[in-house]
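Colleague: I have a structure I would like to understand better, so I am pasting it below and will then ask my questions one at a time.
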Amino acid sequence: MALRVIFGQILLAIPLFFLLNYFEKKEEKKKNLLYLLLPSVYILIISALCESIHWEFLKQNIFLIAIFECIIRIVYTKKIANQEEPFEKDFFYFYFVSILISYLTYTMYIAKVELVLPSPNEFKNTLWLIVLFYLCYLWKDHVNWNITVKEMKKLEEKETYIVTSYAKLKTKYRNYITTRNKDLIPLLYAIMIYENYKMPMGLRNLKVLQHRFLNKEIKWGIMQVDSPVEIDDIESIKIAVKTLEKIWKKQDPKKKNSIKNTLMEYNKEDIDKTNCIYRLYETIINFEK
């Protein structure tokens, strides 16, 4: 390999060194997946830039940039920063995996294609998917805002919708509501109607994609509950049942406001939401009479 290639790749390893430093400071969890893939993404971008300025010679064994960056970091840490402590095992694990990914990126893709960047025809489908995802993301936020502020109060006035939704949801989920507390069952359906109206299945699926690809924290299932792992509608109902039963045990069933107090604690003192769901609850109770 020509000396100018090695020299050029050593120089290109310096910006990667600073990039890794920057993102290491930004990330709460160091050496996460995005941080681990950064060298591979970097060499892909550099390969594309080299093609655009007709410096294809720098693409030869370009994965060595990741190795040169590792050497620069060791020299900097030991000679410039004067760090006397030995490197942790995580350091060597990170660089082993990172360099391996960079090597595979080079051998399986960069070295096998004439152009790293896709042609306009190849790229247009991907571009439109990105645009569509972005528009859906903006639309989701817009719809959420409109539903929250303007429409949720109207929901309690839509008696036909409430009763129809109640009948449909009861048919679909009645076998998964395991509580023996008859007072909580209509309350559970009222919450379900509210959350499903505010966040219907299409938007819930979009939020799941946001979580998977953007690592964004979301609420889960038809009941919109918190969960450390992905759960479906049925699991969300089970979590909601357990939460309501736990709150209900602290209430005095004989008191008139026991249902509303339970709902208020479930909604974390959100008065507007509690009042809306309580009116849905009353509509269900009147329907069942």
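Start counting the sequence shown at 1438; every next residue gets the next number (this note's numbering). A virtual CB, placed ideally from N, CA and C, is assigned to each residue, including glycine.
1) Under three-state DSSP, which class holds V1442?
2) So F1533 is in the alpha helix (DSSP H); what residue range does that whole segment cover?
3) On the three-state DSSP scale, how would you describe V1662?
4) For S1664, tell me which candidate among K1687, K1656, K1595 has the shortest Cα-Cα distance.
5) Have a look at I1502 and I1536 and give me their C-alpha separation to the nearest angstrom.
6) Do the CB positions of C1487 and L1495 come within less than 7 Å of each other?
7) Can you give me the Cβ contacts of G1445 inside the same chain, cut-off strictly under 7 Å, excluding the 5 residues immediately before and after it?
8) Could you check what DSSP says for W1685 in three-state terms: helix, strand or coil?
9) Go ahead and pull the three-state DSSP assignment for W1657.
10) Among the residues of its own chain, which have a CB less than 8 Å from the CB of E1654, if the five just before and after it don't count?
11) What residues in its chain sit with their C-beta under 8 Å from that of Y1631, if we drop five residues either side in the sequence?
12) Do you know how far the Cα of F1650 is from the Cα of L1448?
13) Measure the C-alpha to C-alpha separation of R1617 and K1679 and round it to an integer number of angstroms.
14) Once you ignore the five residues that flank I1668 on each side, which residues in its own chain have a CB closer than 7 Å to its CB?
15) For F1460 and T1720, I'd like the C-alpha separation in whole angstroms.
16) Closest to F1533 by C-alpha separation, out of I1547, K1516, K1683, F1505, would be which residue?
17) Suppose you measure from the CA of W1492 to the CA of M1638; what does that come to, to the nearest Å?
18) How is M1636 classed by DSSP in three states: helix, strand or coil?
19) Is any heavy atom in the ligand SAM found nearer than 6 Å to the beta carbon of E1488?
20) What residue does the alpha helix (DSSP H) around A1548 start on, and which one ends it?
21) Looking at A1677 and V1666, is the spacing between their C-beta atoms short of 7 Å?
Modeller: Taking the definition as stated:
1) helix
2) 1526-1545
3) strand
4) K1656
5) 9 Å
6) yes
7) L1495
8) helix
9) strand
10) H1648
11) M1589, L1592, K1710, C1713, I1714, L1717
12) 33 Å
13) 11 Å
14) W1657, G1658
15) 53 Å
16) F1505
17) 50 Å
18) coil
19) The ligand content of the structure shown is nil, which means the ligand SAM is not present either.
20) Unbroken run through A1548: none, as it is neither H nor E.
21) no
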